[in-house]
Structures are given as structure tokens and as C-alpha cells.
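*Asks:* Residue numbers 11 to 477, in the numbering used here, belong to the letters of the sequence shown in order.
C-beta atoms are modelled at their ideal positions from N, C-alpha and C, and glycine is treated no differently.
These numbers come from a predicted model, not from an experiment.
Quick one: the structure is below, and I'll ask about it shortly.
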Amino acid sequence: MTRTAGRDGHRPGPFHLNAFLMSTGHHEASWRLPESSPEHTSTNIAYLQRLARTAEEGLLDSVFFADGPGLRSDVGRRPAGSLDPLIVLTALAAVTERIGLIATASTTYNSPYNLARRFASIDIVSGGRAGWNVVTTAGPDIARNFGLDDQPAHAVRYERAAEFLDVAAKLWDSWDDDAVLGDKEQGVWADAAKIHAARHVGEHFSVAGALTTPRTPQARPLIVQAGSSEDGKGLAARYAEAVFTAHQTLDDARAFYADLKARTVAVGRDADGIKILPGLVPVLGSTEAEALAAERELDELIVPEYARRQLAATLRVDPDDLPLDRQLPADLPDEDEIEGAKSRYTLIVELARRERLTVRELIGRLGGGRGHRTLAGTPEQVADALQDWYDAEAADGFNIMPAVLPRGLEEFTAHVVPILQARGLFRTAYEGTTLREHYGLERPASRYSSSGVSVEAVELATAGVGA
Ligand SMILES: Cc1cc2nc3c(=O)[nH]c(=O)nc-3n(C[C@H](O)[C@H](O)[C@H](O)COP(=O)(O)O)c2cc1C
């Protein structure tokens with residue numbers, strides 16, 4: 011029996027691969043490895059450019075940068091500090107040609123006009139390679155950077171996110187593709203009837219005018235989402251084109267996949283219009299024993315006391331209630347009481363309960379990938395694991411989270427990608443130039459183009475335009 015995609019019961023390819031890039035790697039102790047250098051940080055743009063080029067050489071669909079507008083509380087434990095990810099994307103666009111460029115931005119701590127403009131600008135600057143991971147940003151610490159005492163309620167954050175996306179979509183549709191005439195003869199630069207004011211008045215936002223940027227190569231950035239709670243799935247079903255998610259077991263991943271596809275169809279969208287990418291943290295070795303030894307070396311570098319405090323914060327319990335060699339307390343809060351990251355909370359508690367893990371064991375499992383699936387093995391074993399989840403309709407692709415960077419990404423593109431290509435599971439060349447083309451997604455039509463009737467001539471007399 012071959013493992014060729016489309017044969018012998020294997021699902022036809024290709025699937026999608028995103029590289030989730032984070033300083034020295036996703037294993038929390040990766041920075042303590044002898045090979046890790048102080049240069050390997052998220053504030054070193056030359057290093058990040060090198061990683062993006064490695065991902066592009068591996069023909070990956072995209073690279074992704076997570077973000078939160080606040081310095082992490084566990085700064086003592088692992089490399090912290092980051093650049094504004096949209097500025098990072100701009101710098102990566104300048105040194106790459108095809109790789110998609112995805113970054114996180116918050117709908118809770120930004121305004122729609124500014125963010126829509128920034129992503130439109132990156133889409134233009136990159137020739138159509140921008141992607142936006144839409145998050146509502148959990149956690150009281152960050153809320154306090156924006157004049158709040160605590161994070162807004164989970165449901166309110168998601169309501170605001172939905173309206174935020176509606177406004178952004180209106181703004182990205184501001185200019186018709188053919189709005190600019192440049193008619194020197196007649197002295198008409200643009201057809202004002204083809205530039206549309208947003209005129210949005212809603213619960214959370216009021217946005218009057220049109221965006222400053224013409225319609226972009228992708229018309230709008232690829233919309234990514236990463237929340238797996240009920241509200242998260244509701245938002246994804248309505249707006250997301252790619253979904254990052256975390257699952258430990260095939261059953262959980264399959265259930266999530268089927269549920270989200272069904273919700274997407276239920277709101278009138280095509281199931282293929284949303285790509286689901288569970289995370290995987292690979293630790294590679296030329297033999298399984300070598301890979302397991304590498305994983306053990308990393309786990310032994312975890313500082314249990316730091317990790318225990320982090321776990322206590324996530325579970326909203328006192329660290330003293332988490333003795334290292336005992337299982338989690340029985341009386342943990344219900345998911346309903348969690349206003350932060352609901353699905354991650356549930357994933358962690360279920361993992362500990364299902365496998366009867368002590369706190370020390372749980373820290374070891376989370377240290378490797380914060381709840382994402384981790385796998386130590388040969389390139390063949392990692393390729394099999396990806397193909398198994400893909401075949402089982404638990405994924406349309408994967409969020410590759412190297413435990414150690416830059417080596418983990420270099421090894422993945424050099425050793426795992428060729429196996430996937432040989433099986434017909436992954437591209438052997440970029441066919442398209444835009445991120446949407448890599449993900450097999452259409453360029454969205456404008457809400458105006460079909461009727462061609464502009465709401466009304468845009469009042470460009472907003473302060474500052476034409477000054
Ligand atoms: C792969 C992945 C990447 C994420 N990146 C970010 C991020 O950059 N910033 C952030 O605030 N949250 C990030 N999250 C967390 C989600 O936005 C969300 O808070 C979390 O999944 C819980 O969502 P829920 O409350 O809807 O279940 C990420 C989650 C996943 C799975």
C-alpha cells in the first residue's frame with residue numbers, strides 16, 4: 011500500500027502548511043539549548059527575515075506571528091519582547107516574494123479604520139500576501155494597558171470582533187477596482203462614484219468615510235481566526251478563511267473540524283471556504299530514539315516553578331494549590347466562569363484529567379507546545395502523522411510550530427516537505443502569487459461591484475484628505 015495522496019484511500023492533496031514563528035522556538039526552554047543564541051529573538055528583524063526565507067524555500071503557504079499588546083508576565087522564564095507584527099510583515103515583504111505573511115491583531119485594542127488601513131497597506135506592499143489573525147485578546151494585564159481595570163467579558167469581546175470585521179470589510183470595499191481613471195485629458199483622476207463611504211453606525215463603532223487605500227491585490231487580507239470556544243467557532247463560521255486550532259487527540263480534532271465546517275455551511279458559506287489548521291510541534295531526529303532524546307533534553311530544561319505559576323494563572327487558582335507531584339484540584343472553575351481563553355483552559359484541564367497527569371507531568375506536556383500537539387520522531391513519522399489527520403478529515407493543513415528555531419524549521423523544510431511532496435500531499439512549486447491563491451481561495455467581490463451603484467459620492471472632505 012502506498013501513501014500516495016488520492017490513492018489507496020488517502021485523501022487527495024495538497025494540504026496547507028503555515029509556519030508559526032516565535033523567537034527560539036515553541037518549546038519554552040528552547041532558549042536554554044547550547045545552540046540558541048541571544049540573536050534569535052522576535053526583535054531581531056534580520057533573524058525573522060532569515061526564517062521567512064527558509065519557509066519560502068520550503069514552499070510553505072505562509073508564516074505567522076502571534077501578538078498581544080503587552081509584555082508577557084513570565085518575562086523571566088523565556089524570551090520576551092516583540093516588534094509590532096505588522097511592521098515585521100512589511101520588512102518580510104521586502105525580502106520575500108511568495109510566502110504569505112500573517113500576523114495577529116486585536117479587535118479589542120484597535121480601531122477598525124486604522125487596522126483596516128494597515129492590513130490593506132501590507133497587502134499592497136506585499137503584492138497580495140497579507141493575512142490577519144483576528145483575536146479578541148484575553149487577559150487583564152493587557153486590558154490595563156488600555157485604561158481598563160479588567161478584560162471585557164468574553165461574549166462582549168466577540169460581539170465587538172464581529173462588528174469590527176463588518177466595518178473592516180466595508181472599508182476594504184471602499185474603492186472599486188476601476189475607480190482610478192487618471193484621465194489627464196478630462197482632468198479626472200478618479201470616478202468618485204466608484205469610491206464608497208463606509209457610513210457605518212453600530213453598537214461599538216461609527217465609521218463614516220472611505221479607506222485611503224485603493225482596492226488591494228487580494229481585496230482584503232486573508233482572515234484567520236484562532237478561538238475555539240462557542241463564540242469563537244461562531245465568529246469563525248461567519249468570517250474566517252483559515253482557522254488555527256489546538257487539539258491533542260484525533261477524535262477532538264475531527265469533532266472540531268466537522269462542527270466548524272457544518273457551522274460554516276449553516277451560515278450559507280462553502281465548506282471549502284474555511285481551512286482548518288491544527289498546530290503541531292515537531293521534534294525531529296534521524297531515528298525515533300534521537301528525536302525522543304532531543305525532546306527529553308528540552309523538557310529537562312523547563313523550570314518547574316515558573317511553569318507552575320503560569321499554569322496557576324491560566325487555571326485561575328493559587329500556585330500553592332498545585333503541588334508538583336499531585337493531579338489538578340477537583341474543584342477547578344467551569345469553562346463558563348472563564349472570561350479569558352476558554353478553549354485553551356478546557357483543553358488543558360481535559361488533557362490532565364484524561365491522562366491523569368500530575369502537575370509536573372502536565373507542565374512537561376505544556377512546556378513543549380502550550381497545549382498544541384507535540385510529536386518527536388523521524389521525518390517519515392511526522393509526515394505520517396500529518397497525513398493521518400488529513401486523511402481523517404481532522405485538518406486541511408497544519409500550523410507547524412518548530413520546538414527549536416531556526417534549526418527546527420530548516421529541518422522540517424529540508425526533510426519533511428520532500429516526503430510530503432513525494433506523496434503528492436504538498437506543492438512542488440508556488441502556482442499563485444497571493445496568499446489566497448496558496449490557500450485555494452477566491453478574491454472576494456466587492457459589495458458594490460455587482461450593482462455598480464455607489465451609495466453616494468464619497469465625501470472626501472474629511473479633514474486632511476487632499477491637504
Ligand atoms: C495557533 C494559535 C495562535 C494564537 N495566537 C494568538 C495571538 O497571537 N494573540 C492572542 O491574543 N491570542 C492568540 N491565540 C489565542 C486565541 O486568540 C484565543 O484567545 C484562544 O484560542 C481562546 O479562544 P476562545 O476563548 O474563543 O476559546 C492563538 C491561538 C492559537 C490556537
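Quick check: F74 and A148, are their CB atoms within less than 8 Å of each other?
*Replies:* Numbered from 1 along the sequence shown, position 64 holds the residue referred to as residue 74. Numbered from 1 along the sequence shown, position 138 holds the residue referred to as residue 148. No; because the gap between Cβ atoms is not below 8 Å, this pair is not in contact.
*Asks:* Does the beta-carbon distance from L232 to A252 come in below 8 Å?
*Replies:* The residue you call residue 232 lines up with position 222 of the sequence shown. The residue you call residue 252 lines up with position 242 of the sequence shown. Contact: yes.
*Asks:* Report the CB separation of G378 from V291 in whole angstroms; it is logged as a contact under 8 Å.
*Replies:* Translated into the one-based positions of the sequence shown, residue 378 becomes position 368. Translated into the one-based positions of the sequence shown, residue 291 becomes position 281. The Cβ separation is near 6 Å, so the contact holds.
*Asks:* In three-state terms, what does DSSP make of L181?
*Replies:* As a position in the sequence shown, residue 181 is number 171, starting the count at 1. Helix at L181.
*Asks:* Just the C-alpha distance for L43 and L308, rounded to the nearest angstrom, thanks.
*Replies:* Indexing the sequence shown from 1 puts residue 43 at position 33. Indexing the sequence shown from 1 puts residue 308 at position 298. Approximately 8 Å, taken between the alpha carbons.
*Asks:* Would you kindly work out how many angstroms separate the C-alpha atoms of P288 and S238, rounded to a whole number?
*Replies:* The residue labelled residue 288 in the question sits at position 278 within the sequence shown. The residue labelled residue 238 in the question sits at position 228 within the sequence shown. Going from the Cα of P288 to the Cα of S238 covers about 11 Å.
*Asks:* Which of the three DSSP states is assigned to D352 in this structure?
*Replies:* Stepping through the sequence shown from its first residue, residue 352 is reached at position 342. Residue identity check: residue 352 is Lys in the sequence provided, not Asp. Reduced to three states, the DSSP call for K352 is helix.
*Asks:* Let me know if V277 comes out buried or exposed under the rule of 16 or more other beta-carbons within 10 Å of its beta-carbon.
*Replies:* Position 267 of the sequence shown, counted from the start, is the residue given in the question as residue 277. Exposed, because fewer than 16 other Cβ atoms sit within 10 Å of the Cβ of V277.
*Asks:* Grab me the residues of L419's own chain with a C-beta within less than 7 Å of its C-beta, minus the 5 sequence neighbours each way, in chain order.
*Replies:* On the sequence shown, position 409 is the one that residue 419 refers to. Excluding residues within five positions, the ones whose Cβ falls inside 7 Å are A29, L61, T64, A65, P412.
*Asks:* Can you find the residues in the same chain that come closer than 6 Å, C-beta to C-beta, to V190, ignoring five residues on each side of it along the sequence?
*Replies:* Along the sequence shown, read from residue 1 onward, the residue named residue 190 stands at position 180. The answer, listed in chain order, is A200.
*Asks:* Please give me, in chain order, every unbroken run of the beta strand (DSSP E) with length at least 3 that falls completely inside the region 201-265.
*Replies:* You should have 232-235, 252-255.
*Asks:* Ligand 1 heavy atoms versus the CB of S238: any closer than 7 Å?
*Replies:* As a position in the sequence shown, residue 238 is number 228, starting the count at 1. If you check the C-beta of S238 against ligand 1, you find a heavy atom less than 7 Å away.
*Asks:* Name the residue from L81, A405, L445, N409 whose alpha carbon lies nearest to the alpha carbon of A265.
*Replies:* Position 255 of the sequence shown, counting from 1, holds the residue named residue 265. Ranked by how close their Cα comes to the Cα of A265, the residues L81, A405, L445, N409 have A405 in first place.
*Asks:* Looking only at its own chain, which residues have a Cβ that is under 7 Å from the Cβ of A171, when we skip the five neighbours before and after it?
*Replies:* Position 161 of the sequence shown, counted from the first residue, corresponds to residue 171. By the criterion of a C-beta distance shorter than 7 Å, A171 is surrounded in its chain by T117, V144, T146, L245, once the five residues flanking it on both sides are discounted.
*Asks:* Under three-state DSSP, which class holds G91?
*Replies:* To locate residue 91, count along the sequence shown from 1; it is residue 81. Note: G91 maps to coil in three-state DSSP.
*Asks:* Could you name the residues that DSSP lists as bridge partners for K285?
*Replies:* Residue 285 sits at position 275 when you count from the first residue of the sequence shown. K285 pairs with A252.
*Asks:* Skipping 5 residues on each side, what residues in its chain have a beta carbon closer than 6 Å to that of P224?
*Replies:* Residue numbering aside, residue 224 sits at position 214 when the sequence shown is read from its first letter. Around P224: W185.
*Asks:* In whole angstroms, what is the alpha-carbon distance linking Q235 and K243?
*Replies:* Numbered from its first residue, the sequence shown carries residue 235 at position 225. Numbered from its first residue, the sequence shown carries residue 243 at position 233. Those two C-alpha atoms are separated by around 9 Å.
*Asks:* From E345 to L357, what distance separates their C-alpha atoms?
*Replies:* Along the sequence shown, read from residue 1 onward, the residue named residue 345 stands at position 335. Along the sequence shown, read from residue 1 onward, the residue named residue 357 stands at position 347. Looking at the two C-alpha atoms, the distance is approximately 10 Å.
*Asks:* Could you give the C-beta distance for A281 and K271, rounded to a whole number, given that I count them as a contact under 8 Å?
*Replies:* If you number the sequence shown from 1, residue 281 lands on position 271. If you number the sequence shown from 1, residue 271 lands on position 261. Confirmed, about 5 Å.
*Asks:* Any heavy atom of ligand 1 inside 7 Å of the beta-carbon of N120?
*Replies:* Indexing the sequence shown from 1 puts residue 120 at position 110. N120: no, Cβ never under 7 Å from ligand 1.
*Asks:* So is the beta-carbon of G244 under 7 Å away from any non-hydrogen atom of ligand 1?
*Replies:* Taking the first residue of the sequence shown as position 1, residue 244 is located at position 234. No, the Cβ of G244 stays beyond 7 Å of every heavy atom of ligand 1.
*Asks:* Following the continuous alpha helix (DSSP H) through W399, name the residue where it begins and the one where it ends.
*Replies:* For the purposes of this step, residue 399 is identified with residue 389 of the sequence shown, where counting begins at 1. First-last of the alpha helix (DSSP H) with W399: 389-401.
*Asks:* Reducing DSSP to helix, strand and coil, say where F129 ends up.
*Replies:* For this step, residue 129 is matched to residue 119 along the sequence shown. Reduced to three states, the DSSP call for F129 is helix.
*Asks:* How would you call E38, buried or exposed, if buried means at least 16 neighbouring beta carbons within 10 angstroms?
*Replies:* Here residue 38 refers to the residue found at position 28 of the sequence shown. Buried, by the Cβ-count rule.
*Asks:* Tell me the rounded alpha-carbon separation between A455 and F422.
*Replies:* On the sequence shown, position 445 is the one that residue 455 refers to. On the sequence shown, position 412 is the one that residue 422 refers to. So the two alpha carbons sit approximately 36 Å from each other.
*Asks:* If contact is defined by three or more beta carbon pairs under 8 Å, each pair taking one atom from either stretch, is the region 13-25 in contact with the region 432-451?
*Replies:* yes
*Asks:* Say the cut is 7 Å; is the CB of S353 nearer than that to a heavy atom of ligand 1?
*Replies:* Walking along the sequence shown from the start, residue 353 turns up at place 343. Yes.
*Asks:* In the DSSP assignment, find the unbroken beta strand (DSSP E) run with T114 in it and report its ends.
*Replies:* Taking the sequence shown and counting its residues from 1, one reaches residue 114 at position 104. First-last of the beta strand (DSSP E) with T114: 110-116.
*Asks:* Considering only residues of the same chain and omitting the five flanking positions on each side of E349, which have a CB-CB separation below 7 Å?
*Replies:* Counting from 1 along the sequence shown, the entry for residue 349 is found at position 339. Closer than 7 Å at Cβ, skipping near neighbours: Q161, A163, H164.
*Asks:* In whole angstroms, what is the alpha-carbon distance linking G442 and Q196?
*Replies:* By 1-based counting over the sequence shown, the position of residue 442 is 432. By 1-based counting over the sequence shown, the position of residue 196 is 186. Computed Cα separation, rounded: 37 Å.
*Asks:* If you drop the 5 nearest sequence neighbours on each side, which residues of the same chain put their C-beta closer than 6 Å to that of V414?
*Replies:* In the sequence shown, the residue the question calls residue 414 occupies position 404. Taken in chain order, the residues that qualify are G35, S40.
*Asks:* Using beta-carbon positions only, say whether L58 and V85 come within less than 8 Å of one another.
*Replies:* On the sequence shown, residue 58 is found 48 positions in, with the first residue counted as 1. On the sequence shown, residue 85 is found 75 positions in, with the first residue counted as 1. If you check the CB distance, L58 and V85 do not come in under 8 Å.
*Asks:* For S353, is the classification buried or exposed, using 16 other Cβ atoms within 10 angstroms of its Cβ as the cut-off for buried?
*Replies:* For the purposes of this step, residue 353 is taken as residue 343 along the sequence shown, with counting starting at 1. Flag for S353 reads buried.
*Asks:* By alpha-carbon positions, which one of R318, L385, T324 ends up nearest to R370?
*Replies:* In the sequence shown, the residue the question calls residue 370 occupies position 360. Answer by Cα proximity: R318.
*Asks:* Does the Cβ of T274 have 16 or more other Cβ atoms within 10 Å, making it buried, or fewer, making it exposed?
*Replies:* If you number the sequence shown from 1, residue 274 lands on position 264. Counting Cβ neighbours within 10 Å, T274 comes out buried, since at least 16 surround it.
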